[in-house]
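Let me begin by presenting the structure, written as structure tokens, before commenting on it.
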Amino acid sequence: MKSLYRCRNQITQRVQYYSTKATSTSTTSTPISNTSTSEGTITRNYHQTAMDEGNLLSQPQSVTSWISDTVANTTIENLSPQTTARSKRMMLDTLGVGIIGSKTEISDIVTRCVASEIFDNTDTNRTSLSSLWGSNKRKVAPAIAAYINGVNVHSMDFDDTWFPATHPSGPVLPAILALAETMTGSYEPTTQDLLVAYNVGIEVQGLLLRCSEIAKEIPKRFHPPAVVGVMGSAAASARLLGLGPKECRHALAIAASFAGAPMANAGTTTKPLHSGKAARFGLEAAILASHGLEGNSNILDMTSGYGAFYDDYDPEHFLLNHAGKKEFILHDQDIAIKRFPAHLGMHWAIDATLGARDKIIPVSASIHPDVVESVEIWAPQSKYINRPLPTSEHEARHSFQFNVCTALLDGHVQVKSYHDASRNRPQLIKLLKKAKIVTPDDNLATFDDMYIEVHLYLKDGTRAMSRCDTPYGHWRNPLSQNDLERKFLSNTSDLHPDQQSQIIHHVGQIDKCQPASAFLEML
86 MKSLYRCRNQ ITQRVQYYST KATSTSTTST PISNTSTSEG TITRNYHQTA
136 MDEGNLLSQP QSVTSWISDT VANTTIENLS PQTTARSKRM MLDTLGVGII
186 GSKTEISDIV TRCVASEIFD NTDTNRTSLS SLWGSNKRKV APAIAAYING
236 VNVHSMDFDD TWFPATHPSG PVLPAILALA ETMTGSYEPT TQDLLVAYNV
286 GIEVQGLLLR CSEIAKEIPK RFHPPAVVGV MGSAAASARL LGLGPKECRH
336 ALAIAASFAG APMANAGTTT KPLHSGKAAR FGLEAAILAS HGLEGNSNIL
386 DMTSGYGAFY DDYDPEHFLL NHAGKKEFIL HDQDIAIKRF PAHLGMHWAI
436 DATLGARDKI IPVSASIHPD VVESVEIWAP QSKYINRPLP TSEHEARHSF
486 QFNVCTALLD GHVQVKSYHD ASRNRPQLIK LLKKAKIVTP DDNLATFDDM
536 YIEVHLYLKD GTRAMSRCDT PYGHWRNPLS QNDLERKFLS NTSDLHPDQQ
586 SQIIHHVGQI DKCQPASAFL EML
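Counting from 86, one number per residue, gives the positions in the sequence shown under this note's numbering.
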């Protein structure tokens, strides 16, 4: 981990520099490089600039140069066994939700509108194309593949969620897999390269989410995948391309100009586009930087740069809090992998409801809305997931009331629960009209602190209450490997069982230094 240690130890120099300069949020430090000069690095696909910059003298670093150096210099040795294991789980889950997402109406519309040319697997002469996951080898231009696969990953809100809140994998995995398919011959990456690039993209998102206290809350203004996701995609793509620190800085600066999407589109068919555009434009930012396009070299240090997204953005405080840390954030902060295709907050609501339901009726029995007097849902204050009568499946995925009433009525929640036939049932609508939200002051709107209590009141006087502090699948209560693989198999049921098994195997072996082509062919 020497290169990363060097990179992060230089933060201390920068902290000392900040403490002695006049108060300013803009810096003009010169980028440095600690680019590895191992035989495997130089003889593969790393640009000459990465090696040239390795001779520059060490300079105190800004946030931009620190993160750029981390992007350029991370190797497999920087990933702890725990980080590697967690990222494998995330990659498998993301492939599964992307494949089931390819069957949605959103995917169909986006594919028809943005993919002007689609080629099938018989067109063997085209090597600069990338696969649409789960489509029997249909291929498009790599940026379009990143976009469509990114949309598909988030099309059902079934993808992973991190803390502070974002969906980290959707913008990153589609970008690097689309890029990797075009890197052939001596430029072909290994599976280790994919793993490293993926983790770089996740790490950059995690770092940027820690630049602000506001970022810890359930989002109110911007949808995080569109803000940090595009930066992670650019970082991951830059790492896979082997860009040097200077080019990585420009890739991040270019990506920042593509960042941002309003939370007002949550619960609509537009929201999945946020992950897709993050994957696409991050990939394009890295490619543009590799060809010499430039942006602001201090983009992550300026309130008019990346700081524009956070009112409390403070690069000095950011450096002070993260100086000297040796492990990637994923090593310490696990991910939430969803059991239900809905906003993560719904998992608290569903688990609490099932707990209360079990207290009043047998698991296999049904409950009629006429016996219910009222349903109280004690939840954190968050307007966009308080939807009393959702009118679409995407609103339903963001409705405490819908998920509680569905779990109460059916005793389970599944993919088809959000479809029109299930959502428009008269019994469900009758039950929805009896549900109300209560927002206690102590119920904080963060995925690390929130809770849900469901209080059931029946007309015969029966009362039942259940509280969920940590749903199954949350980072404090992660899915078992068996349950994770069951989710993947369910989401990819249209694939041949042999193909499903091969994908599981290849992801499990992705930390081995093997040609990536065998894995990519499985898509």
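Just so you know, even glycine gets a beta-carbon here, dropped at the ideal spot from N, CA and C.
Asked: Starting from His590, trace the beta strand (DSSP E) both ways and give me its first and last residue.; Found: That residue, His590, is in no beta strand (DSSP E); its alpha helix (DSSP H) goes Pro582 to Gly593.
Asked: Could you name the residues of the same chain whose beta carbon sits closer than 6 Å to that of Tyr103, not counting the 5 residues immediately before and after it, in chain order?; Found: Low confidence applies to Tyr103: its pLDDT is 35, below 50, so where it sits in the model is not reliable, and the reading given next is rough at best. So the list reads Glu401, once near-sequence residues are dropped.
Asked: Can you give me the Cβ contacts of Glu369 inside the same chain, cut-off strictly under 6 Å, excluding the 5 residues immediately before and after it?; Found: Ala228
Asked: What are the boundary residues of the beta strand (DSSP E) that Trp463 is part of?; Found: Val457 to Trp463
Asked: When the distance is taken between beta carbons, is Thr276 closer than 9 Å to Pro600?; Found: yes
Asked: Skipping 5 residues on each side, what residues in its chain have a beta carbon closer than 6 Å to that of Leu608?; Found: Ser216 and Trp218
Asked: What's the C-alpha gap between Glu332 and Ala374?; Found: 6 Å
Asked: Could you tell me how far apart the beta carbons of Leu493 and Leu516 are, in whole angstroms, since I believe they sit closer than 8 Å?; Found: 7 Å
Asked: What is the DSSP secondary structure of Lys597, counted as helix, strand or coil?; Found: coil
Asked: Counting only the same chain and skipping the five closest in sequence on each side, list residues whose C-beta sits under 8 Å from that of Gln566.; Found: Arg174
Asked: Count the CB pairs spanning the region 263 to 275 and the region 182 to 194 that are closer than 8 Å, and state whether there are at least three.; Found: no
Asked: Going by DSSP, which residues form a beta bridge with Pro347?; Found: Phe307
Asked: How about Ala311 and Gly390: are their beta carbons less than 9 Å apart?; Found: no
Asked: In three-state terms, what does DSSP make of Lys444?; Found: coil
Asked: Pick out whichever of Ala371, Ser360, Ala200 and His308 has its Cα sitting closest to the Cα of Lys224.; Found: Ala200
Asked: So, helix, strand or coil for Met136, using DSSP?; Found: Since pLDDT at Met136 reaches only 39, below the 50 mark, its modelled position is unreliable, and the value read off the structure follows with that caveat. Met136 falls in the helix class under three-state DSSP.
Asked: Give me the Cβ distance between Val281 and Ile161, rounded to the nearest whole Å; I'm assuming they're in contact under 8 Å.; Found: 6 Å
Asked: Around the Cβ of Cys598, are there at least 16 other Cβ atoms within 10 angstroms (buried) or fewer (exposed)?; Found: exposed
Asked: Exposed or buried, which one is Glu635 when buried takes at least 16 other CB atoms within 10 Å?; Found: This structure cannot settle anything about residue 635, because the visible part of the chain is limited to 86 through 608.
Asked: Among the residues of its own chain, which have a CB less than 7 Å from the CB of Gln167, if the five just before and after it don't count?; Found: His416
Asked: Here's the rule I'm using: 16 or more other beta-carbon atoms within 10 Å means buried, otherwise exposed. How should Pro426 be labelled?; Found: buried
Asked: When you compare only the Cα positions, how much space is there between Leu580 and Asp526?; Found: 47 Å
Asked: Span of the beta strand (DSSP E) holding Tyr542?; Found: Ile537 to Leu543
Asked: Label Val155 either buried or exposed according to how many other C-beta atoms from any shown protein chain fall within 10 Å of its C-beta, with 16 as the threshold for buried.; Found: Reading the sequence as shown, one finds Thr at residue 155 and not Val. Counting Cβ neighbours within 10 Å, Thr155 comes out buried, since at least 16 surround it.
Asked: On the DSSP letters alone, give me the boundaries of the alpha helix (DSSP H) that Lys356 sits inside.; Found: Lys356 to Ser375
Asked: Nearest by alpha-carbon distance to Ala157: which of Val592, Lys519, Asp278 and Ala260 is it?; Found: Asp278
Asked: Tell me whether Glu124 sits in a helix, a strand or coil according to DSSP, three-state version.; Found: With a pLDDT of 33 at Glu124, under the threshold of 50, the modelled position of this residue cannot be trusted; read the value that follows with caution. If DSSP states are grouped into helix, strand and coil, Glu124 belongs with the helices.
Asked: Determine the contact status of Gly440 and Pro465, defining contact as a CB-CB distance below 9 Å.; Found: no
Asked: State the Cα-Cα distance for the pair Ser165 and Lys410, rounded to the nearest angstrom.; Found: 13 Å
Asked: Tell me whether the beta-carbon of His479 lies closer than 9 Å to the beta-carbon of Asp242.; Found: yes
Asked: From His483 to Asp397, what distance separates their C-alpha atoms?; Found: 27 Å
Asked: With DSSP collapsed to three states, give me the class of Ala228.; Found: helix
Asked: Using DSSP with H/G/I as helix, E/B as strand and the rest coil, what is Cys553?; Found: strand
Asked: Tell me whether Trp247 sits in a helix, a strand or coil according to DSSP, three-state version.; Found: strand
Asked: Between which two residues does the alpha helix (DSSP H) containing Val312 stretch?; Found: Looking at the DSSP string, Val312 is not in any alpha helix (DSSP H), and its letter there is neither H nor E.
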